[in-house]
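Here the sequence shown stands for residues 475 to 915, numbered as in our numbering.
Accompanying notes for the structure given below.
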Amino acid sequence: MSPGKLMVIGLDGVGLDLARHLADKGVMPNLRGLMAQGKTFGCASPLPEVSPVCWTSMFSGTGPGVHGIFGFAEHKPGTYDLKPVDSSMVRAPRIWQDMHIRNQSSVVLNVPLTYPAEEVKGVMVSGFVTPDLRRGVRPLLLLPSLVQKDYRPEADLDMASENPVELARDLEKALSVRLAVFEEMMAREWDLFVGVVTDTDRVNHFMWPALFDQAHPLSENALGLYALVDAFLGRVWQRVRGRVESGELSLMILADHGFGPVKSEVYLNAWLREKGYLKIAGEPGNEVILPETLALALDPGRIYLHTASRFPNGKLVPGAYADSLLAEIAKGLKELCHGSFGRQEPVVEAVHWGRELFSGPYAHMGPDLAAVGARGYSLRAGLDKPEVFGLSHITGTHRPHDALALVLGRDISGRPPTEVAGLHGLMKQALGMADSGTFET
Numbered sequence: 475m476s477p478g479k480l481m482v483i484g485l486d487g488v489g490l491d492l493a494r495h496l497a498d499k500g501v502m503p504n505l506r507g508l509m510a511q512g513k514t515f516g517c518a519s520p521l522p523e524v525s526p527v528c529w530t531s532m533f534s535g536t537g538p539g540v541h542g543i544f545g546f547a548e549h550k551p552g553t554y555d556l557k558p559v560d561s562s563m564v565r566a567p568r569i570w571q572d573m574h575i576r577n578q579s580s581v582v583l584n585v586p587l588t589y590p591a592e593e594v595k596g597v598m599v600s601g602f603v604t605p606d607l608r609r610g611v612r613p614l615l616l617l618p619s620l621v622q623k624d625y626r627p628e629a630d631l632d633m634a635s636e637n638p639v640e641l642a643r644d645l646e647k648a649l650s651v652r653l654a655v656f657e658e659m660m661a662r663e664w665d666l667f668v669g670v671v672t673d674t675d676r677v678n679h680f681m682w683p684a685l686f687d688q689a690h691p692l693s694e695n696a697l698g699l700y701a702l703v704d705a706f707l708g709r710v711w712q713r714v715r716g717r718v719e720s721g722e723l724s725l726m727i728l729a730d731h732g733f734g735p736v737k738s739e740v741y742l743n744a745w746l747r748e749k750g751y752l753k754i755a756g757e758p759g760n761e762v763i764l765p766e767t768l769a770l771a772l773d774p775g776r777i778y779l780h781t782a783s784r785f786p787n788g789k790l791v792p793g794a795y796a797d798s799l800l801a802e803i804a805k806g807l808k809e810l811c812h813g814s815f816g817r818q819e820p821v822v823e824a825v826h827w828g829r830e831l832f833s834g835p836y837a838h839m840g841p842d843l844a845a846v847g848a849r850g851y852s853l854r855a856g857l858d859k860p861e862v863f864g865l866s867h868i869t870g871t872h873r874p875h876d877a878l879a880l881v882l883g884r885d886i887s888g889r890p891p892t893e894v895a896g897l898h899g900l901m902k903q904a905l906g907m908a909d910s911g912t913f914e915t
């Protein structure tokens, strides 16, 4: 296939079901029109279903066992301390790196796990998490203009628990500036343009019920933010429609994972402690993992055996006993229920063994078990939580099903991918870098 150009607009956390709901309710008329014109389908997310894992899989075409990212944070080797993941920890090339090697230009904006920004032929402005914008912008000469515009990769999420109305206003302010920068960057010369809107994920996390209940006090704020995104999509389509219809450019509107409501959070470390698998000492916030521990958890739904090879005080080794522990824990999680007055329901949809779920040179870094919450249940680590079940200010949670995928432009052959990582094949085909019949991974 001859070389083409590609624009990817990412909508973090927008499932196909939510996209259809907002389109049908008139909140996102531009998205509805684009869905009617293009190929629209849903994709399953990799596990664990969090943004750094999912976006990295999408843009590299690989799973966590190959790119090495399993969550927002990992244990520092040989310790119990957690370290946030960053771009230096991604072990697989992402598509803009392939473009760089081919001497083709890219504009990459606000993609999670691109901090620190890397040198590309073109522009990169890092996304979540970007603690220092100076290290998140390449070329650096763009920094003064971004600072002058009050460009922020993230709104002030600390307001979420105490003042969600102010959070909504700050999301709108930060998003408006970011979208204006996106449109400004679209005017540059590029072969690949990637811009990810992460504020959709924040609305879903902190205002999920408001998206479905017009009487909700945050309904106007939540729907207004999605309307702002939709207006942006309308302007994008006006800008690129002719190029898309001529076959010069492909436009893809993609999400990394879906979303759903939170009936309850499930604190896995509290459950492990209750069942005798986890032994800790110390006060909340200063917990010490004791040598007698058999297993511990990280967000979201990651269970690790307390092995000698992974942890300083771990004593477990691979073998029949370790396998029996995993089987026992998996069975217990599948049987865990929540509710009252005889209306108990399972809180775990599935439990996967890490060695079956992950493959590749970094599969050993992954969890021993990966649990997926049933709809309505958010599986959290909760090392400091005294009870297994609880609620917080978070009202929506990730779901690994039916992430939105919408493709317009060049006639791309083969059946649509069923997994987020398979979207990488579509991108390469749109750019003339590959031409395969299917896009399964």
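Glycine is no exception: its CB is placed at the ideal position from the N, C-alpha and C atoms.
Residue range of the beta strand (DSSP E) that includes residue i
{"i": "V655", "result": "Here V655 belongs to no beta strand (DSSP E); instead the alpha helix (DSSP H) covers P638 to M660."}
{"i": "W827", "result": "V822 to W827"}
{"i": "T871", "result": "G870 to R873"}
{"i": "E739", "result": "G732 to Y741"}
{"i": "S852", "result": "G850 to R854"}
{"i": "K513", "result": "K513 to C517"}
{"i": "M573", "result": "First-last for M573: I569 to I575, but that is the alpha helix (DSSP H), not the beta strand (DSSP E)."}
{"i": "A844", "result": "L843 to G847"}
Whether residue i touches residue j by CB criterion (9 Å)
{"i": "G601", "j": "V581", "result": "no"}
{"i": "N678", "j": "V527", "result": "no"}
{"i": "S579", "j": "V594", "result": "yes"}
{"i": "A848", "j": "V825", "result": "no"}
{"i": "G813", "j": "P477", "result": "no"}
{"i": "L496", "j": "A877", "result": "no"}
{"i": "V703", "j": "L649", "result": "yes"}
{"i": "D555", "j": "D730", "result": "no"}
{"i": "L508", "j": "L707", "result": "yes"}
{"i": "G484", "j": "V611", "result": "no"}
{"i": "G516", "j": "H875", "result": "yes"}
{"i": "L744", "j": "V862", "result": "Leu is not the amino acid found at residue 744; the sequence shown has Ala there. In this structure, V862 lies closer than 9 Å to A744 by Cβ."}
{"i": "A782", "j": "G698", "result": "no"}
{"i": "A696", "j": "R776", "result": "no"}
Bounding residues of the alpha helix (DSSP H) (the contiguous stretch that carries residue i)
{"i": "G708", "result": "S693 to S720"}
{"i": "I543", "result": "Note, I543: premise wrong, no alpha helix (DSSP H); not H, not E."}
{"i": "F533", "result": "S525 to S534"}
{"i": "V677", "result": "D673 to M681"}
{"i": "V594", "result": "Where V594 is concerned, there is no enclosing alpha helix (DSSP H), given that its DSSP letter is neither H nor E."}
{"i": "R776", "result": "Counting along the chain, R776 falls outside any alpha helix (DSSP H), though it belongs to the beta strand (DSSP E) covering R776 to L779."}
{"i": "A904", "result": "L897 to A904"}
Whole-angstrom distance between residue j and residue i, CA atom to CA atom
{"i": "W664", "j": "D885", "result": "21 Å"}
{"i": "L772", "j": "Q712", "result": "44 Å"}
{"i": "F913", "j": "H898", "result": "Annotation note: pLDDT 34 at F913 (below 50); position unreliable, no value reported."}
{"i": "R568", "j": "A518", "result": "19 Å"}
{"i": "G750", "j": "G828", "result": "22 Å"}
{"i": "T915", "j": "F533", "result": "Confidence at T915 is low in this model, with a pLDDT of 30, below 50, so its placement is unreliable and the value that follows should be read with caution. Between T915 and F533, the C-alpha separation is close to 13 Å."}
{"i": "L900", "j": "Q818", "result": "43 Å"}
{"i": "V762", "j": "I754", "result": "5 Å"}
{"i": "P841", "j": "L770", "result": "10 Å"}
{"i": "V482", "j": "E823", "result": "31 Å"}
{"i": "A701", "j": "E646", "result": "11 Å"}
{"i": "L728", "j": "V671", "result": "10 Å"}
{"i": "P774", "j": "G793", "result": "26 Å"}
{"i": "A705", "j": "C811", "result": "43 Å"}
{"i": "H541", "j": "A689", "result": "44 Å"}
{"i": "G621", "j": "F656", "result": "According to the sequence shown, residue 621 is Val rather than Gly. Distance between the alpha carbons of V621 and F656: 15 Å."}
{"i": "A917", "j": "F667", "result": "Look at the range of the chain in this structure, 475 to 915, and you will see that residue 917 is not part of it."}
{"i": "S910", "j": "S619", "result": "Confidence at S910 is low in this model, with a pLDDT of 44, below 50, so its placement is unreliable and the value that follows should be read with caution. Approximately 42 Å between the Cα atoms of the pair."}
{"i": "A566", "j": "T536", "result": "8 Å"}
Coil, strand or helix - residue i by DSSP
{"i": "A801", "result": "helix"}
{"i": "V585", "result": "coil"}
{"i": "D909", "result": "A caution first: D909 carries a pLDDT of 48, below 50, which makes its placement in the model unreliable, though a value can still be read off. The answer is coil: DSSP assigns D909 none of H, G, I, E or B."}
{"i": "E914", "result": "At E914 the pLDDT is 32, less than 50, meaning the model places this residue with poor confidence; the figure from the coordinates comes in the next sentence. Coil."}
{"i": "E431", "result": "As shown, the chain starts at 475 and ends at 915. That puts residue 431 outside it, with no answer to give."}
{"i": "S724", "result": "strand"}
{"i": "S635", "result": "coil"}
{"i": "S580", "result": "strand"}
{"i": "K557", "result": "strand"}
{"i": "R626", "result": "coil"}
{"i": "L857", "result": "coil"}
{"i": "R612", "result": "strand"}
{"i": "L490", "result": "helix"}
Integer-rounded CB distance, given that residue j should sit under 8 Å from residue i
{"i": "P522", "j": "G545", "result": "6 Å"}
{"i": "L583", "j": "I543", "result": "The pair is not a contact, with the Cβ atoms about 20 Å apart (cut-off 8 Å)."}
{"i": "G759", "j": "D858", "result": "6 Å"}
{"i": "E739", "j": "R889", "result": "Not really, about 37 Å apart at Cβ, beyond 8 Å."}
{"i": "P538", "j": "D560", "result": "At roughly 16 Å, the Cβ-Cβ gap does not stay under 8 Å, so P538 and D560 are not in contact."}
{"i": "S531", "j": "A879", "result": "So it is not a contact: roughly 13 Å between Cβ atoms."}
{"i": "G850", "j": "Y741", "result": "Contact doesn't hold; Cβ gap of about 15 Å is too wide."}
9 Å Cβ cutoff, residue i in contact with chain D
{"i": "S852", "result": "The question asks about chain D, but that chain is absent: this structure has only one protein chain."}
Distance cut-off 8 Å: residue i Cβ against heavy atoms of the ligand SAM
{"i": "M573", "result": "This structure lacks the ligand SAM, and indeed carries no ligand of any kind."}
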